[in-house]
Amino acid sequence: MRIVTYALIAGLSALAIGWGTAISTPLWFAPKAKDQIDIDDPDLISRGEYIALAGDCTACHTAPGGAAFAGGLGLQTPMGTIYSTNITPDPETGIGRYDYGDFERAVRQGMRPDGAHLYPAMPYASYRVVSDADIQALYAYFMSSVAPFAKENQPTTIPWPASLRWPLAWWNMLFSSPRQFEPPAGGDPVLARGAYLVEGLAHCGACHTPRGLGYQEKALKDDDAGRFLSGSVLEGWYAKNLRNEDTGLSTWTEAELIAFLKTGRNARTAAFGSMTDVVQHSLQHLTDADLTAIARYLKSLPPRPGRETWQPKQDETTEALRAGDFSAPGAITYVEHCTQCHRLDGMGAPEIYPALKGNSMVFADDSSSLIQVTMAGGRMPETPAHAMAFAMPGFAHLSDGDLAGVLSFIRNSWGNHASEVTERDIARMRSELAHKPTHYAPEAKQ
Amino acid sequence: MKKPALLIAGMAVLALGGWAALHGVPAAAPEAEGYAILDAGRNVVGRYVVPADSGILVRPDAELILYGKRLLADTARLLPDNVGAAMNCNSCHLGDGKIEGANGYINTVNFYPRVMPRAGKEVDLEARINGCFQRSMNGKPLDPDGREMKAMIAYMDWLRQGVPKDRTVDIVNAGPIDESLVPDPENGRLVYAAKCAACHGADGEGMRDQFGDVLFPPLWGEESFNIGAGMARTYKAAQFVKWAMPPAMHMGGRLGQGGVLSDQDAVDVAEYFTHMPRPDFPAKVKDWPNGGKPRDARY
Numbered sequence: 005m006r007i008v009t010y011a012l013i014a015g016l017s018a019l020a021i022g023w024g025t026a027i028s029t030p031l032w033f034a035p036k037a038k039d040q041i042d043i044d045d046p047d048l049i050s051r052g053e054y055i056a057l058a059g060d061c062t063a064c065h066t067a068p069g070g071a072a073f074a075g076g077l078g079l080q081t082p083m084g085t086i087y088s089t090n091i092t093p094d095p096e097t098g099i100g101r102y103d104y105g106d107f108e109r110a111v112r113q114g115m116r117p118d119g120a121h122l123y124p125a126m127p128y129a130s131y132r133v134v135s136d137a138d139i140q141a142l143y144a145y146f147m148s149s150v151a152p153f154a155k156e157n158q159p160t161t162i163p164w165p166a167s168l169r170w171p172l173a174w175w176n177m178l179f180s181s182p183r184q185f186e187p188p189a190g191g192d193p194v195l196a197r198g199a200y201l202v203e204g205l206a207h208c209g210a211c212h213t214p215r216g217l218g219y220q221e222k223a224l225k226d227d228d229a230g231r232f233l234s235g236s237v238l239e240g241w242y243a244k245n246l247r248n249e250d251t252g253l254s255t256w257t258e259a260e261l262i263a264f265l266k267t268g269r270n271a272r273t274a275a276f277g278s279m280t281d282v283v284q285h286s287l288q289h290l291t292d293a294d295l296t297a298i299a300r301y302l303k304s305l306p307p308r309p310g311r312e313t314w315q316p317k318q319d320e321t322t323e324a325l326r327a328g329d330f331s332a333p334g335a336i337t338y339v340e341h342c343t344q345c346h347r348l349d350g351m352g353a354p355e356i357y358p359a360l361k362g363n364s365m366v367f368a369d370d371s372s373s374l375i376q377v378t379m380a381g382g383r384m385p386e387t388p389a390h391a392m393a394f395a396m397p398g399f400a401h402l403s404d405g406d407l408a409g410v411l412s413f414i415r416n417s418w419g420n421h422a423s424e425v426t427e428r429d430i431a432r433m434r435s436e437l438a439h440k441p442t443h444y445a446p447e448a449k450q
Numbered sequence: 066m067k068k069p070a071l072l073i074a075g076m077a078v079l080a081l082g083g084w085a086a087l088h089g090v091p092a093a094a095p096e097a098e099g100y101a102i103l104d105a106g107r108n109v110v111g112r113y114v115v116p117a118d119s120g121i122l123v124r125p126d127a128e129l130i131l132y133g134k135r136l137l138a139d140t141a142r143l144l145p146d147n148v149g150a151a152m153n154c155n156s157c158h159l160g161d162g163k164i165e166g167a168n169g170y171i172n173t174v175n176f177y178p179r180v181m182p183r184a185g186k187e188v189d190l191e192a193r194i195n196g197c198f199q200r201s202m203n204g205k206p207l208d209p210d211g212r213e214m215k216a217m218i219a220y221m222d223w224l225r226q227g228v229p230k231d232r233t234v235d236i237v238n239a240g241p242i243d244e245s246l247v248p249d250p251e252n253g254r255l256v257y258a259a260k261c262a263a264c265h266g267a268d269g270e271g272m273r274d275q276f277g278d279v280l281f282p283p284l285w286g287e288e289s290f291n292i293g294a295g296m297a298r299t300y301k302a303a304q305f306v307k308w309a310m311p312p313a314m315h316m317g318g319r320l321g322q323g324g325v326l327s328d329q330d331a332v333d334v335a336e337y338f339t340h341m342p343r344p345d346f347p348a349k350v351k352d353w354p355n356g357g358k359p360r361d362a363r364y
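Written as structure tokens, this is what we have:
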């Protein structure tokens, strides 16, 4: 009995210390900045608007059809749905009463004015490296130029006790400690700018870097292990490997990458899923210099050990299909449902229908995105570069067997080679699609 | 560091529980809806479901049906002696003739032979297909008894899935358009530039693939359909443009096609491109011998 009592006392003490440490973090872990910002400075405001675009604040803080920056977008986590918050300067429901210190602490340190910690769905671990000047400009823009909108924040669906916020203090101490931006070695200012944007404002790693058991990004910048931006699955989308290696970006030229970031498409591929929103709301608005910096930095990420350039196999598919040989497993489904756009040669139509041949999304390490875009459809972003933005219809009405067969065919044809897609993968995606989070936007026009 | 590890483990357990709860429900592909089968009095007598091509493979005449399917899809490449235009049958009959409002083949076998006003006499399916070859394809007729003709008809016959001759599948070849609208070709030019030129080219020239085969058909010029084609008529073209063009606009539907333009814009753009220069159809003098020529006929 005695040992149980001791264990209980030890456990409770540890909990008390853990709790006490957590709730005291506002005092020592997340200091509050004291700067005074002139929110009416037009230069500051206009720089801040660009920072807001580069940071893609709207991606999460505007619900589909909802008021700009008024929150309500549902983000699926393994524990439940988290709703983004109202970051308009409405004094009652938004951030209208935030002084600069409150704002800085929320964006870079993940803490609310009341001392509660934010969910790391907000990429403050990435924003840690954003410069003071950029955060100040962002504050000026939000407080002076974003229209206030009264809308209460929607509580999460995370059940107690996981809904307690104080344990997040420990998450922050472990995974989002204070740090400064360190430019890559070599002193190239373009690479430094690219790294600054990719690691910080653009928070590419939030989707593209694999996460650990604690839901933390395994690397917040490039390191020797090369896990940074090596691809990750979120909400059933595989945010692809962006390293300059085989299934990553080794098959992409810098020019192709820039075109993709700016217009959501290039001669070979097109954005879909959440990347469409990223291009639509953020990347298309960046300067050519910044897009070049991002592209050059991504192309500078070295391959991991054992991962070199992409070696396609011989294309035997084009000739077979053009000769009417549909005997390969999955080929007849491909010819029935896919050739109208993606063609017998798997080349699609440049900047209209994406190619499947040599498209690194198709032979990606993880097939989730290929499966989801095939089942649910996809849409290109709309940008001034193109008069028309095209969509792909979803094929969820096909059977699990047909979908698995045709996707395995696509991943292993025209010289592509990748793992097979199984019926189990398809069934799993059906469940995923049936449980997409709903968004909270009562203001949206019905 | 024990505490955070425990915490994380606890969160992971909860996470797994939540994941299992969310993902425990099995889901399956929805049932295909299909279309009603109607008898001569338009009473519903059955259900037609668009068949999957994999069903062809188990047929004894699979080779002929597949050949027909290929000819309809890749007509210009496979039948260069008969096709004068950079056109395939499926350029107008989208999605292998399986799509409502996009000139389907589903009822085709059951529709012919029939007395047609344009010919002024009974036309059988072979003659109708050859009409397409001489008009839309601006080419030469196939041998009506040849393997190519038999193959195309075999595909269409497979597609009707045994629906008897005196019955029809309740599906339209083209959606409605308001024919009282007066076309404005100048607005049509603007609509064309905004909505059509991305694929069909700024000068209507279409687009070819790496082999020189048709990717998007030309809408005017020497390689387009001739004035004898149904598609050269303003309101017929407008129906197609409104309901079947462009493809890849929506995340639903078989090709995500159509539903982009208003009736007026569709009529305007149809007037614009149909009246651009295109090949003549010398046999036009024989059309509508008994009158009844539609007002948008080109001659």
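Residue numbers (this note's numbering), protein chains in the order written: chain X, 5 to 450; chain L, 66 to 364. The beta-carbon is built from N, C-alpha and C at its ideal position, and this holds for glycine as well. Computed from a predicted structure; not experimentally measured.
Item	Value
CB contact check: A362/L to chain X, cutoff 7 Å	no
Collapsed DSSP secondary structure at L238/X in the structure displayed	strand
Nearest candidate by alpha-carbon position, reference R51/X, set L172/X, I139/X and G98/X	I139/X
Residues bridged to A353/X (per DSSP)	Y357/X
beta-carbon N157/X near the ligand FAD non-hydrogen atom, thresh 6 Å	This structure lacks the ligand FAD; in fact it carries no ligand of any kind.
Proximal residues of chain L, C-beta to C-beta of T337/X below 9 Å	A117, D118 and S119
Candidates T233/L, G286/L, E187/L and L326/L: closest to D243/L by CA position	L326/L
Beta-carbon proximity of P359/L to T299/L, cut-off 7 Å	no
DSSP state of K307/L mapped onto helix, strand, coil	helix
Residue(s) in a DSSP beta bridge with Q80/X	T85/X
Sequence ranges, alpha helix (DSSP H) only - wholly within the stretch 270 to 354 of chain X, length at least 4	278 to 285, 292 to 303, 321 to 326, 335 to 341 and 343 to 346
Own chain, CB closer than 7 Å to R135/L, minus 5 neighbours either side, in chain order	L143
Minimum length 4: unbroken alpha helix (DSSP H) runs contained in the stretch 124 to 200 of chain X	128 to 131, 136 to 149, 171 to 179 and 193 to 200
Spatial distance of S435/X from Y338/X (CA atoms)	24 Å
Beta-bridge pairing of I102/L - partner residues as DSSP gives them	G111/L and V234/L
Top-ranked residue by Cα proximity to D161/L, from A184/L, V115/L and M310/L	V115/L
7 Å Cβ cutoff met for N153/L and T233/L	no
C-beta contact flag for V377/X and F264/X at 7 Å	no
Residue-level contact to chain X via CB, P359/L, 7 Å cutoff	no
Where N291/L falls, given that 16 or more other Cβ within 10 Å makes a residue buried	buried
Under 8 Å (Cβ pairs) to chain X, residues found in the stretch 251 to 282 of chain L	A258, A259, K260, A262, A263, C264, M272, D274, Q275, F276, L280 and F281
C-beta neighbour in chain L for E340/X, strict 7 Å	yes
Contact set between the stretch 67 to 82 of chain X and chain L, restricted to residues whose Cβ is under 7 Å from the partner	P82
Own chain residues within Cβ distance below 7 Å of R215/X, not counting five before or after	E221, K222 and S236
For M379/X, the three-state DSSP class (helix, strand or coil)	helix
N252/L to P282/L span [Cα, whole Å]	22 Å
H289/X at chain L interface by Cβ criterion, 7 Å	no
Contact belief for N248/X with P307/X at Cβ below 8 Å, rounded distance in angstroms	6 Å
T425/X to P46/X span [Cα, whole Å]	Correcting the residue type first, residue 425/X is Val in the shown sequence and not Thr. Cα-Cα distance, rounded: 53 Å.
Beta strand (DSSP E) segment containing R179/L, residue limits	R179 to M181
Amino acids of chain X, ordered along the chain, whose beta-carbon sits closer than 7 Å to that of L122/L	I336
DSSP state of V123/L mapped onto helix, strand, coil	helix
Nearest neighbour of Y301/X, chosen from V282/X, E258/X and W314/X [CA to CA]	E258/X
Contact with chain L by M384/X, beta-carbon distance below 7 Å	no
Nearest-angstrom Cα separation, counted from F338/L out to A243/X	42 Å
7 Å Cβ cutoff met for D118/L and I336/X	yes
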